[in-house]
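In full-length UniProt numbering, the protein residues as written are 1 to 61.
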């Protein structure tokens, strides 16, 4: 599973953003969170199955 690094979520974790760009950074993060981010749920595949979208095999494990 891949998660976003902390610096992609909040300015508090960014040391290299110039103070004059903080407002732009916050605006970008807010827009990105509203448009592109969502919550996903992942679980282990215990048996081989086919993807309902593309039909490719999903191996167990």
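C-beta: ideal position from N, C-alpha, C; glycine also.
By the criterion of a C-beta distance shorter than 7 Å, residue 7 is surrounded in its chain by 13 and 14, once the five residues flanking it on both sides are discounted. For the pair residue 36 and residue 28, the Cα-to-Cα distance works out to about 11 Å. If you keep only unbroken beta strand (DSSP E) runs of at least 3 residues inside the UniProt domain "PET" (1 to 42), you get nothing at all. Cβ atoms of residue 60 and residue 47 come within 8 Å of each other, at about 5 Å.
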